[in-house]
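Just add 26 to wherever you are in the sequence shown, counting from 1, and you've got the numbering used here.
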Amino acid sequence: MPSTRIPGPPGLPLIGSMFDLTRDPLRACLDAQREYGDVVRFTAGPPGLRAEFYMVFSPDGVQQVLAGQAANFRKENAIYEEVRISLGNGLLTAQDGDYQRQRRLIQPLFTRKRVDGYADAIGIESQALVERWAAVPDGVVDTVGELSRFALRTVARILFGTDVEAAIEVVRTSFPALGEYIMDRGFAPVRIPRQWPTPGNRKALTAQTELYRICDEIIARRRSQGQADEAEDLLGLLAAARGEGGEQLDASELRDQVLVFLLAGHETTATSLTFALHLLALHPEQRKRAQQEVDGVLADGRRPVAADLEALPYLTRVLKEAMRLYPAAGLVGRRAVAECEIDGQRIPAGADVIVSPWVTHRHPDHWENPAVFDPERFTPEREAARHRYAWYPFGGGPRACIGQHFSMLESVLTLAALLRAFDLEAIDTVVPVGQTLTLQAEGPVRVRLAAR
Ligand code: HEM
27 MPSTRIPGPP GLPLIGSMFD LTRDPLRACL DAQREYGDVV RFTAGPPGLR AEFYMVFSPD
87 GVQQVLAGQA ANFRKENAIY EEVRISLGNG LLTAQDGDYQ RQRRLIQPLF TRKRVDGYAD
147 AIGIESQALV ERWAAVPDGV VDTVGELSRF ALRTVARILF GTDVEAAIEV VRTSFPALGE
207 YIMDRGFAPV RIPRQWPTPG NRKALTAQTE LYRICDEIIA RRRSQGQADE AEDLLGLLAA
267 ARGEGGEQLD ASELRDQVLV FLLAGHETTA TSLTFALHLL ALHPEQRKRA QQEVDGVLAD
327 GRRPVAADLE ALPYLTRVLK EAMRLYPAAG LVGRRAVAEC EIDGQRIPAG ADVIVSPWVT
387 HRHPDHWENP AVFDPERFTP EREAARHRYA WYPFGGGPRA CIGQHFSMLE SVLTLAALLR
447 AFDLEAIDTV VPVGQTLTLQ AEGPVRVRLA AR
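Here it is, written out as structure tokens:
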């Protein structure tokens with residue numbers, strides 16, 4: 027019988043590790059792995075009301091949670107429950123029959139061939155970004171806001187067939203506010219009813235109302251632009267979809283999808299791009315090598331196309347290494363339905379289980395000098411020799427990220443366009459990060475650009 031006494035930090039007498047988990051869950055998890063090993067139990071809250079969280083860090087354990095025993099690990103943990111209340115029942119949160127129906131419907135948008143077709147839009151948007159940056163008088167840009175706007179514009183153009191310029195600021199402030207609220211509640215032993223007019227509840231409700239309004243506007247604008255049912259983007263597919271009895275998605279189901287894709291499709295890619303550029307700005311040797319590769323591929327000054335991805339293996343390695351050090355989803359949660367064994371430890375039925383790319387990507391048994399930026403870790407030979415779940419920024423198993431290829435294509439082509447145009451120098455050499463719904467830089471990530 028596996029062990030039942032899973033080790034973990036004692037935390038403070040009355041609240042356990044509640045503050046550590048809400049203030050800086052990435053640090054709390056990393057410290058816990060170093061001290062207690064690959065399966066760790068955290069407690070949060072006073073005795074009698076104590077919540078427990080089981081963290082799993084080893085690649086083997088992660089594989090069990092996300093893939094091998096996926097049916098036992100459902101998206102019903104505290105954080106996913108909060109996400110579902112805030113963001114609805116779209117593809118990220120739905121389960122069972124609802125999920126199967128949605129995934130079948132949406133999958134055709136993410137086939138490799140289809141995604142390669144998005145390269146044109148990516149090329150146009152990244153060219154506009156280069157021009158915008160070239161016009162900045164002192165050459166200093168804060169990549170956080172800039173790349174978040176860029177990723178939002180790109181995903182909206184491709185998936186919703188509309189531009190979201192007017193919505194950008196609302197989306198950029200509302201998602202983080204809601205994300206923080208979701209994480210606070212997700213790790214709280216007792217959740218205050220959402221209807222109570224506390225400052226936190228009011229702020230979250232305002233953010234949610236604003237986001238709903240933006241999604242409804244996106245849908246309405248697209249409808250007014252023409253026949254949504256005929257277009258071949260996300261809104262067109264969803265609007266044209268019919269169930270077995272001929273029923274259509276209603277307005278709120280449509281909005282839930284828009285909301286999920288707005289979130290999942292822009293914050294994550296923006297984070298990867300931001301940190302890839304930051305790391306390149308900090309490491310001249312790797313930057314020069316990436317620039318040489320880009321110059322060879324895009325020598326004639328043309329816009330990058332999908333086929334260039336294969337011709338940019340070094341830049342792809344840089345991106346993968348940036349996603350190792352800064353995985354946009356630093357924590358991924360589930361609820362264990364039945365008691366099970368993970369990595370030799372007994373996880374009880376009903377347990378809130380969290381895996382952490384942030385921690386596994388720094389696991390000393392799987393990564394030599396894990397703090398060092400080294401794109402060479404991702405040569406094909408070294409990748410093939412590594413555990414499949416030592417690196418999993420896109421999750422894995424049946425609920426792996428649907429936007430994986432889209433995101434890699436967007437990031438590599440955009441980095442190529444930027445590296446061809448500019449040389450970079452990091453202004454903020456140390457960037458603190460935090461985790462709300464996604465990993466966030468907690469401060470500016472500025473670079474000084476020089477035209478090449
Ligand atoms: C660097 C970029 C990205 C990262 C790191 C990332 C990460 C992830 C992860 C870890 C999951 C699994 C969550 C879980 O198992 O609980 C996921 C799921 C998902 N992602 Fe991404 N993602 C990225 C980009 C995108 C993009 C560009 C889109 C859409 C255009 C997208 C849409 C989704 C959706 C809809 C799901 C749910 C899929 C399902 O359950 O079937 N993601 N993503």
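Cβ atoms here follow ideal geometry from the backbone N, Cα and C, with glycine treated the same way.
Item: Cut-off 6 Å between Cβ atoms - residues of its own chain near HIS292, not counting five sequence neighbours on either side; Value: ALA177, LEU178, VAL181
Item: At least three beta-carbon pairs within less than 8 Å, the stretch 273-291 to the stretch 230-248; Value: yes
Item: Cβ neighbour criterion (16 or more within 10 Å) applied to LEU75; Value: exposed
Item: Limits of the unbroken alpha helix (DSSP H) element including ARG313; Value: 310-323
Item: Which listed residue (LEU204, ALA332, GLY71) has its alpha carbon closest to that of ASP146; Value: ALA332
Item: Neighbourhood of GLN234 by C-beta distance below 7 Å, restricted to the same chain and skipping five residues each side; Value: SER112, LEU204
Item: Exposed unless 16 or more other CB atoms sit within 10 angstroms - verdict on ASN395; Value: exposed
Item: Best match in ILE132, THR297, ASP64, ALA154 for proximity to GLU468 [C-alpha to C-alpha]; Value: THR297
Item: Endpoints, beta strand (DSSP E) assigned at ASP168; Value: 166-168
Item: Residue nearest to ASN227 in terms of C-alpha spacing, selected from ILE453, GLU108, ALA476; Value: GLU108
Item: Helix, strand or coil at VAL358 according to DSSP, with G and I counted as helix; Value: strand
Item: Beta-carbon proximity of VAL65 to ILE32, cut-off 9 Å; Value: yes
Item: 9 Å Cβ cutoff met for PHE404 and LYS314; Value: no
Item: Delimiting residues of the beta strand (DSSP E) encompassing GLU367; Value: 366-368
Item: Distance, GLY42 Cα to ALA442 Cα; Value: 47 Å
Item: Distance, VAL323 Cα to ASN103 Cα; Value: 46 Å
Item: Burial state of LEU351 (16 or more Cβ within 10 Å); Value: buried
Item: Residues bridged to GLU273 [DSSP beta-bridge criterion]; Value: Partner(s): none; GLU273 has no beta bridge.
Item: Continuous alpha helix (DSSP H) stretch holding GLU243: start and end; Value: 225-251
Item: Close Cβ partners of ARG446 (< 6 Å) along its chain, the five nearest in sequence each way excluded; Value: VAL320, LEU324
Item: Inter-residue Cα distance where the pair is LEU335 and ALA307; Value: 21 Å
Item: Bridge partners - GLN466, DSSP secondary structure assignment; Value: GLY460
Item: Simplified DSSP assignment, three categories, for GLY34; Value: coil
Item: Inter-residue spacing [alpha-carbon to alpha-carbon] between LEU462 and ARG425; Value: The sequence given here places Thr at residue 462; Leu does not occur at that position. The straight-line gap from Cα to Cα measures roughly 20 Å.
Item: When ALA452, PRO458, THR464 are compared against VAL166, the one with the closest alpha-carbon; Value: ALA452
Item: Cβ contact (3+ pairs, closer than 8 Å) linking the stretch 417-437 and the stretch 85-104; Value: yes
Item: Presumed contact (8 Å Cβ cut-off) between ASP449 and ALA476, rounded CB distance; Value: 5 Å
Item: Reduced DSSP secondary structure (H/G/I, E/B, other) of ASP378; Value: strand
Item: Residues near LYS101 in its chain [Cβ-Cβ closer than 7 Å; skip 5 each side]; Value: THR119, GLN121, ARG360
Item: Inter-residue Cα distance where the pair is ALA265 and GLU236; Value: 23 Å
Item: Local conformation of MET27 per DSSP, three classes; Value: The predicted model places MET27 with a pLDDT of 44, which falls under 50 and marks its position as unreliable, so this point remains unresolved.
Item: Segments of 3+ residues assigned as beta strand (DSSP E) that fall wholly inside the stretch 51-121; Value: 65-70, 77-82
Item: Closer than 8 Å: GLY187 CB and nearest the ligand HEM heavy atom; Value: no
Item: Element boundaries [beta strand (DSSP E), containing ARG474]; Value: 472-477
Item: Reference GLY460, options ARG472, ALA354, GLN274, VAL196, closest by Cα; Value: ALA354
Item: Integer-rounded CB distance, given that VAL170 should sit under 8 Å from LEU444; Value: Contact doesn't hold; Cβ gap of about 15 Å is too wide.
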